Every structure is written in structure tokens, then in C-alpha cells.
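Protein sequences appear in the order of chains A and B.
Okay, so the first sequence: first residue is 150 according to my numbering, each after it adds one.
Okay, so the second sequence: first residue is 29 according to my numbering, each after it adds one.
Written below as C-alpha cells is the structure these notes are about.
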Amino acid sequence: MMTAEDSTITLYRLQGCPYCERVVRRLNELELDYQSRFVEPLHSERNVVKRISGKRTVPAIVDRNTGVTMSESANIVDYLDRNYGGA
Amino acid sequence: MVDFEVVSLPETEHVGVGETAPDFTRPLVNGEYWENVDLSDLTDEGPVLLGFHSMDGAFPATYFWKEMTARDWTEDVQVVGLSISDPYAHKQLLRERGLVDAPVALFSDPANGVAEAYGIVNHLDGMAGIEEPRPALYLLDDAREVQYVWVAEEWPDFPDYDEAEAAIDRL
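As C-alpha cells, this is what we get:
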């Protein structure tokens with residue numbers, strides 16, 4: 150089983166959040182290895198996400214491969230396609 | 029004098045001192061998030077005190093965390109709990125016990141597979157379809173070898189915290 154230390158990409162997500170699922174789907178399509186971190190449903194208490202991305206919104210990813218941290222599912226999907234799409 | 033009725037639990041062949049504790053992967057919940065973590069990820073970092081306890085919300089779980097955090101163990105070992113409660117309940121426990129910023133974390137194992145692997149399943153009377161671990165304390169070194177173990181022989185039963193502390197001091 151992979152852990153945050155082994156995986157290049159960490160995904161901050163909420164259970165049942167459609168925007169998060171959209172990112173998950175693309176990570177799987179691109180066969181990328183990632184570690185999920187499930188955060189606090191209450192927006193005001195998501196300090197861990199704020200620390201890494203400057204905002205409390207999810208999804209957010211940290212890609213240690215490129216040093217990129219990013220929020221907003223559309224941005225993330227674009228980013229993954231550009232960097233890992235290979236098409 | 030209150031007559032305190034306890035139930036003896038059947039003998040069990042649990043993982044014991046000198047054995048290598050079975051590795052497992054479960055969501056590990058801290059004050060901010062949860063993620064899949066291997067027990068061996070923790071032991072790779074140093075000794076671990078793994079405490080199996082009743083479902084969050086039951087009074088033994090409350091007593092357990094009170095005691096675990098009243099003692100200054102977290103400088104010497106990683107203090108980690110495990111119950112069948114789901115990650116949301118663990119977050120609630122951390123909040124209620126004021127442990128959101130504490131260096132402790134809880135594994136969530138609703139299917140009770142870890143207790144099964146350790147030989148410490150506790151079948152609960154009157155709760156159909158639910159089982160949980162017997163209360164137990166495992167002190168593991170960085171190779172996951174069991175240095176000290178306490179497993180409940182009756183229910184309810186509480187760890188001998190002084191004995192555990194002596195084992196931690198011997199590490």
C-alpha cells in the first residue's frame with residue numbers, strides 16, 4: 150500500500166465531493182499513483198488545506214514531482230493532462 | 029460497596045511478546061485529515077504504542093484516552109489508538125478530548141480485521157453483526173517486534189498503565 154511518503158501526488162479531498170471525484174477519475178485514467186487525504190467537511194476547519202494551497206477549498210493536489218500545488222478541479226485536470234497526458 | 033460484575037473472556041492465542049506484530053493498512057485519523065497508513069510506516073519512524081479500545085463514545089474509550097494523554101509518553105513513543113469506529117467518529121473523539129493538536133492518531137477498522145489478525149476479537153453481546161477488539165496495548169519496537177503486551181481477560185477491563193510505562197522506560 151502506498152503512503153503519502155511514497156506517492157508523488159497527494160490529493161486533499163472530501164468524501165462524496167463530485168469535484169474531487171472528477172480529479173480522482175482523471176488520476177486513474179492517467180494511471181497516476183496518488184495518496185488521498187480526507188479532510189474536515191467543515192470549510193472553516195480545513196487548516197491543513199489552507200497551509201498547503203493558501204485556500205480551504207478541495208480538491209487540492211500537491212505534486213512533489215513538479216513542486217506544484219493546485220486547487221480547483223478544472224485547473225487540476227488541465228494540469229494533469231498537460232503534464233501526464235502524453236497524447 | 030458496589031459489587032462490580034465482570035465477564036471473563038475466553039482464552040485467546042493472541043500475538044505475544046517477542047513476536048512480530050502483523051502489519052496492516054488502515055485509515056489513520058489525526059486532527060486534520062485521514063489517509064491510509066501502514067503500521068510499518070509508523071514503526072519505521074520509531075517505537076509505537078498501539079492501543080485497541082472500545083467504540084468511540086463508550087466510556088472505556090474515554091478513560092483510555094484520558095490516561096494515554098495524561099502520561100508524557102508521546103516523547104518516547106508514537107501513541108496510536110485503534111477502534112472499529114469510523115474516521116468521522118475518530119475526529120469527533122479528538123475534538124471532544126481536546127486532542128486535535130496532540131501528537132496522537134487513531135486507526136479506523138470497522139470490519140475488525142486487525143483484531144482478527146492479532147487474535148483479540150471481542151464478540152459483543154446484544155449487538156448483532158458487530159464485533160470489536162478486546163481492550164489491548166501493544167508496545168512495538170522499530171522492527172515491529174512486540175516488547176510488551178496487555179490483553180483484556182475480562183470485560184470490562186483496563187490496561188495496567190504503570191506496567192506499560194515501565195516497558196516504555198525499558199525501550
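The C-beta atom is built at its ideal place from N, Cα and C for all residues, glycine as well.
This one's a predicted model, so the numbers in the text were calculated from it and none came from an experiment.
- The CB of A:V197 comes closer than 8 Å to the CB of E60, Y61 in chain B, given here in chain order.
- Between A:V217 and A:Y228, the beta carbon gap of about 7 Å places them in contact (Cβ cut-off 8 Å).
- Comparing C-alpha distances from B:V179 to each of B:G44, B:E33, B:V35, B:Q120 shows the shortest one belongs to B:G44.
- Two segments are said to touch when three or more pairs of C-beta atoms, one from each, lie closer than 8 Å; by this definition the region 60-79 of chain B touches the region 164-172 of chain B.
- Taking all protein chains in view, the Cβ of B:I148 is crowded by 16 or more other Cβ atoms within 10 Å, so the residue is classified as buried.
- Close CB contacts of A:S202 within its chain, under the 6 Å cut and outside five residues either way in sequence, are with A209, T218, S220 (chain order).
- Residue state for B:R123 is assigned as helix, using DSSP reduced to three classes.
- Considering only beta carbons, the part of the region 106-120 of chain B lying closer than 8 Å to chain A consists of P115, K119, in chain order.
- Listed along chain B is no residue with a C-beta nearer than 8 Å to that of A:V207; the closest approach is about 10 Å.
- Looking at the DSSP output, B:N150 bridges to B:E160.
- For B:E182 against B:V35, the beta-carbon gap comes to about 6 Å, under 8 Å, which counts as contact.
- Among the bridge pairs identified by DSSP, B:W178 is matched with B:L165.
- Here B:W101 carries a coil assignment [DSSP, helix/strand/coil].
- Residues of chain B with a Cβ closer than 9 Å to the Cβ of A:V188 are, in chain order, E60, Y61, W62.
- Looking only at B:F135, B:A156, B:E160, B:V105, the smallest Cα-Cα distance to B:A143 is reached by B:E160.
- Contact annotation for A:S220 against chain B: no contact, minimum CB-CB distance about 15 Å [criterion: below 8 Å].
- Looking at the backbone, the Cα of A:T215 and that of B:A139 are separated by about 38 Å.
- Note: B:V57 is bridge-paired with B:W62, B:L134 in the DSSP secondary-structure output.
- The beta carbon of A:R213 sits closer than 6 Å to the beta carbons of T157 from its chain, once the five residues preceding and following it are set aside; these are given in chain order.
- With a contact defined as Cβ atoms closer than 8 Å, A:V226 and A:L163 miss out at about 17 Å.
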